[in-house]
Amino acid sequence: MSEIQDSVEDTSTEHETIEMLRTWKMDQLKEWLLTRGLKRSGKKEVLVKRVYRVMQSGDDSSSDSASESDLDDTPCVTPINEVTEPWKDISVRCLPPLHEKDIDNYFIYQKNPTSGKKARFQRHMKKAQKFAAEGYIYNIFYNAVSENSDYCYIKSNCKPSMKIKVSVGNLGKVTDSYSLHVCLVKETGKIESAYCDCKAGECGLCAHVGALMYTVSKVKNACTSQECQWNRPRSMKKKPDPLKVIDIQLSENERCTGKPYPDVYQAGPCKDPDQFLQDLMSGMDEVNPRCVLYQTLACKPADISSFLSTYEVPSEEIPDDVDLNTVEYQQKFREFMENLTLSSNTCENLEIGTRGQSINNNWIEARNCLITASEMGDVCKRKTKCPDALVRRLMGYTQPPKQVKSLTYGRSNEKKGIKAYVKEHSSKCGKENVKYCTRGLHVNPKYPFLGASADGLIHCERCGTGLVEVKCPYGRKESQWRNMTPNECAQDISFCCELSDLNNLSLKLNHNYMYQVQGQLALYELEWVDFVVWTKKGCNVQRIPFDAKMWAEMLVKLKKFYVTCVIPELFTRRIKKGKPLNCF
Numbered sequence: 001m002s003e004i005q006d007s008v009e010d011t012s013t014e015h016e017t018i019e020m021l022r023t024w025k026m027d028q029l030k031e032w033l034l035t036r037g038l039k040r041s042g043k044k045e046v047l048v049k050r051v052y053r054v055m056q057s058g059d060d061s062s063s064d065s066a067s068e069s070d071l072d073d074t075p076c077v078t079p080i081n082e083v084t085e086p087w088k089d090i091s092v093r094c095l096p097p098l099h100e101k102d103i104d105n106y107f108i109y110q111k112n113p114t115s116g117k118k119a120r121f122q123r124h125m126k127k128a129q130k131f132a133a134e135g136y137i138y139n140i141f142y143n144a145v146s147e148n149s150d151y152c153y154i155k156s157n158c159k160p161s162m163k164i165k166v167s168v169g170n171l172g173k174v175t176d177s178y179s180l181h182v183c184l185v186k187e188t189g190k191i192e193s194a195y196c197d198c199k200a201g202e203c204g205l206c207a208h209v210g211a212l213m214y215t216v217s218k219v220k221n222a223c224t225s226q227e228c229q230w231n232r233p234r235s236m237k238k239k240p241d242p243l244k245v246i247d248i249q250l251s252e253n254e255r256c257t258g259k260p261y262p263d264v265y266q267a268g269p270c271k272d273p274d275q276f277l278q279d280l281m282s283g284m285d286e287v288n289p290r291c292v293l294y295q296t297l298a299c300k301p302a303d304i305s306s307f308l309s310t311y312e313v314p315s316e317e318i319p320d321d322v323d324l325n326t327v328e329y330q331q332k333f334r335e336f337m338e339n340l341t342l343s344s345n346t347c348e349n350l351e352i353g354t355r356g357q358s359i360n361n362n363w364i365e366a367r368n369c370l371i372t373a374s375e376m377g378d379v380c381k382r383k384t385k386c387p388d389a390l391v392r393r394l395m396g397y398t399q400p401p402k403q404v405k406s407l408t409y410g411r412s413n414e415k416k417g418i419k420a421y422v423k424e425h426s427s428k429c430g431k432e433n434v435k436y437c438t439r440g441l442h443v444n445p446k447y448p449f450l451g452a453s454a455d456g457l458i459h460c461e462r463c464g465t466g467l468v469e470v471k472c473p474y475g476r477k478e479s480q481w482r483n484m485t486p487n488e489c490a491q492d493i494s495f496c497c498e499l500s501d502l503n504n505l506s507l508k509l510n511h512n513y514m515y516q517v518q519g520q521l522a523l524y525e526l527e528w529v530d531f532v533v534w535t536k537k538g539c540n541v542q543r544i545p546f547d548a549k550m551w552a553e554m555l556v557k558l559k560k561f562y563v564t565c566v567i568p569e570l571f572t573r574r575i576k577k578g579k580p581l582n583c584f
């Protein structure tokens with residue numbers, strides 16, 4: 001290094017000296033400045049000019065006192081250790097207008113003091129916000145430097161976040177807090193510089209410095225520091241009316257019918273397992289459809305296209321103003337009915353692909369082509385000539401609201417009724433002799449226009465094979481069937497069952513449920529069905545045999561309705577378009 005110095009000092013011209021200094025390495029330049037106690041920060045060109053100026057002046061102490069406007073844009077700010085003004089407690093009036101947005105930008109868009117590249121200090125910023133909120137900053141003082149100065153200092157102490165005692169500064173002094181300060185522009189609140197004696201605070205970007213800034217901003221912009229003022233009301237276009245003509249209505253608090261938030265803990269079991277599974281699957285589909293659990297549970301539905309294709313009509317369009325009661329169109333509808341054929345394999349595949357019933361989209365789609373057992377009562381007892389409303393319901397154009405209490409209650413308690421029935425049946429015939437299984441949508445190839453979805457099949461070595469149909473009555477406000485025994489419910493004339501002379505519960509012969517179970521027995525070709533009525537107070541089981549005479553009468557009406565009403569809608573889709581079918 002001494003050889004380099006000698007060669008520089010012997011150089012006579014400025015150009016040669018500058019060129020020679022530019023050949024020095026950064027370590028050499030910094031070591032030269034370090035031995036003379038001079039500033040070592042800045043880029044290489046800055047250090048070269050600084051070394052050259054000291055060599056030319058021959059006075060080491062004059063280097064830092066001289067103006068360095070040609071080296072950088074650092075403003076002339078009095079160092080904090082040379083401030084002569086007394087330190088004062090902070091007040092709202094003396095503090096510069098420092099805002100949280102300015103502090104955020106200071107951390108986010110600041111340059112790394114080592115590399116000079118832009119670096120984001122979000123982690124320090126978040127810790128600073130936490131320190132400020134939790135009161136880590138104390139002993140805050142303000143110094144105006146002088147009346148003519150554009151800058152001011154704010155200093156404070158900051159509690160350490162981890163240790164009781166910490167070492168600060170380069171000498172390793174042990175203390176119970178960090179000392180820090182910031183330099184701000186009085187007029188604008190611009191952050192000029194900052195310093196903390198922690199290990200990361202020399203560059204002014206540590207969390208302790210940020211905590212001081214956020215604390216100052218909070219004090220300066222506190223709502224209690226502003227002048228009192230009246231709230232400005234919104235403009236009212238409506239003119240005031242006399243009190244006697246105003247109709248005052250008080251709103252009633254309604255219970256929230258929405259689902260609970262996902263983060264609300266529910267200690268008990270879910271009320272509706274099927275609904276829980278649906279909510280779980282829809283949530284995973286939105287959040288992470290690639291997760292293993294979703295891929296395992298979200299099995300693809302079975303293909304029932306061969307069944308649906310059977311009910312596809314010719315592509316020819318029938319104008320909406322055409323009379324469908326003519327001989328030509330009636331013959332066309334009857335031919336379509338005669339050509340409806342389903343194989344046993346297609347029907348079996350349909351039953352498997354629609355298990356789960358109401359939570360299976362295949363089940364919902366396949367029902368729109370058929371008259372199902374639950375609708376047979378309305379079809380057979382139909383008195384009005386206009387079938388549009390009934391066809392609209394059969395074709396699935398209108399769905400019952402999901403929040404209907406009776407439907408929700410029935411679906412959520414159906415499994416409880418099945419469990420009670422299986423337990424009672426097993427106690428009579430032996431648990432090892434009874435086997436219960438669920439089924440999907442069943443279509444008999446003999447009747448391709450009809451369908452049935454029984455709640456389940458029961459196989460018993462003593463009783464044989466039969467169907468199970470469970471009903472969980474909900475009731476009305478004045479007659480809450482769900483909280484009554486089945487026999488007590490039967491005392492209500494609107495209930496589906498009635499009491500016999502022997503005080504036994506029996507299903508009314510003209511009730512829609514009777515048409516439903518008779519249709520199920522006919523399509524399944526079984527001899528009996530166990531009709532279960534379950535309430536919170538008890539369970540009643542009635543074994544209903546197949547009535548061939550009743551079924552024969554039903555079949556004639558069902559077939560006629562399908563040919564004269566359902567098939568015309570399949571051809572024209574008038575009801576779906578909001579127009580009358582005009583076919584009866």
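Take the sequence shown: its position 89, counted from the start at 1, is 89 in UniProt numbering, and no numbers get skipped.
We put the CB at the ideal spot given by N, CA and C, even for glycine.
Note that the coordinates shown come from a computational prediction; the quantities given were computed from them, not determined experimentally.
What number of angstroms, rounded off, separates the C-alpha of isoleucine 137 from the C-alpha of arginine 40?
-> 32 Å
Per DSSP, glutamine 542 is paired with what?
-> Answer is Phe531, bridged to glutamine 542.
Over the uninterrupted alpha helix (DSSP H) stretch that includes glycine 210, give me the two end residues.
-> Segment 207-220, the alpha helix (DSSP H) holding glycine 210.
Taking all protein chains shown into account, do 16 or more other C-beta atoms lie within 10 angstroms of the C-beta of arginine 574, making it buried, or fewer, making it exposed?
-> Buried, by the Cβ-count rule.
Leucine 71 in three-state terms, based on DSSP = Only weak support exists for where leucine 71 lies, its pLDDT of 45 falling under 50; the value from the coordinates is given anyway. Coil.
Helix, strand or coil at cysteine 196 [DSSP, three-state] | Residue state, collapsed to three classes: strand.
Between Leu394, Lys419 and Lys446, which lies nearest to phenylalanine 561 when the distance is taken from Cα to Cα?
-> Nearest of Leu394, Lys419 and Lys446 to phenylalanine 561, Cα basis: Leu394.
Confirm, please, whether the CB-CB distance from lysine 416 to tryptophan 534 is below 8 Å.
-> yes
Looking at the structure shown, is residue 610 part of a helix, part of a strand, or coil, going by DSSP?
-> The question about residue 610 has no answer here: the residues shown for the chain are numbered 1 through 584.
Go through its chain and collect everything with a Cβ distance to glutamate 348's Cβ below 8 Å, but skip five positions before and after it.
-> Residues of the same chain with a CB within less than 8 Å of the CB of glutamate 348, apart from the 5 flanking positions on each side, do not exist.
Histidine 459, buried or exposed, once every other Cβ within 10 Å from all chains shown has been counted against 16 = exposed
Just how far apart, CA to CA, sit leucine 499 and proline 580?
-> 43 Å
Who are the near neighbours of threonine 78 in its chain, counting only those whose CB is closer than 8 Å to its CB and skipping five residues on each side?
-> Val145, Ser146, Ser149 and Tyr151
For proline 160 versus tyrosine 142, is the C-beta spacing smaller than 8 Å?
-> No; because the gap between Cβ atoms is not below 8 Å, this pair is not in contact.
From the DSSP output, which residues share a beta bridge with isoleucine 191?
-> Leu184
Please classify histidine 124: is it buried, with 16 or more other beta-carbons within 10 angstroms of its beta-carbon, or exposed?
-> A buried status is given to histidine 124, since no fewer than 16 other beta-carbon atoms sit within 10 Å of its beta-carbon.
Between which two residues does the alpha helix (DSSP H) containing leucine 308 stretch?
-> 305-309
Pick from Leu521, Lys576, Asn170 and Leu29: whose alpha carbon is nearest that of lysine 549?
-> Leu521
Mind pulling the alpha helix (DSSP H) runs of 4 or more residues that sit fully within the stretch 17-56?
-> 26-35
Considering only residues of the same chain and omitting the five flanking positions on each side of glutamate 569, which have a CB-CB separation below 7 Å?
-> Val391, Met395, Ile575 and Leu581
Should threonine 35 be labelled buried (16 or more other beta-carbon atoms within 10 Å of its own) or exposed?
-> exposed
Taking the continuous beta strand (DSSP E) assigned at isoleucine 137, which residues delimit it?
-> Note, isoleucine 137: beta strand (DSSP E), 137-143.
Count the other CB atoms, across all protein chains shown, that sit within 10 Å of the CB of lysine 220; report buried if there are 16 or more and exposed otherwise.
-> buried
May I ask you to list the residues that DSSP assigns as paired with tyrosine 153?
-> Tyrosine 153 pairs with Asn143 and Cys183.
Sequence-distant residues of the same chain with beta carbon closer than 6 Å to leucine 33, five excluded per side | Arg40
From asparagine 483 to cysteine 437, what does the alpha carbon distance come to, in whole angstroms?
-> 28 Å
By how many angstroms is the C-alpha of glutamate 45 removed from the C-alpha of arginine 53?
-> 12 Å
Buried versus exposed, by CB contacts within 10 Å (16 or more), residue 592 = In the structure displayed, the chain extends from 1 to 584; residue 592 sits before or after that span and is not available.
Rounded to whole angstroms, what's the CA-CA distance from valine 468 to valine 529? Just pull it up for me.
-> 6 Å
Determine the burial state of valine 292: buried for a count of at least 16 other Cβ atoms within 10 Å of its Cβ, exposed for fewer.
-> exposed
Which word fits glutamate 375, buried or exposed, when buried means at least 16 other C-beta atoms lie within 10 angstroms of its C-beta?
-> Buried is the label assigned to glutamate 375, since at least 16 other Cβ atoms lie within 10 Å of its Cβ.
Reference leucine 205, options Gln122, Leu441, Thr188 and His442, closest by Cα = If we check each option's Cα against that of leucine 205, Gln122 comes out closest.
Take the Cβ of threonine 572 as the centre, count every other Cβ of all protein chains shown within 10 Å, and call the residue buried at 16 or more, exposed below.
-> buried
Taking C-beta to C-beta, are glutamine 516 and phenylalanine 546 nearer than 8 Å?
-> no
Under a Cβ-count criterion, where at least 16 other Cβ atoms within 10 Å of its own Cβ denotes burial, should arginine 367 be classed as buried or exposed?
-> buried
The stretch 492-508 touching the stretch 433-448, judged by at least three CB pairs closer than 8 Å | no
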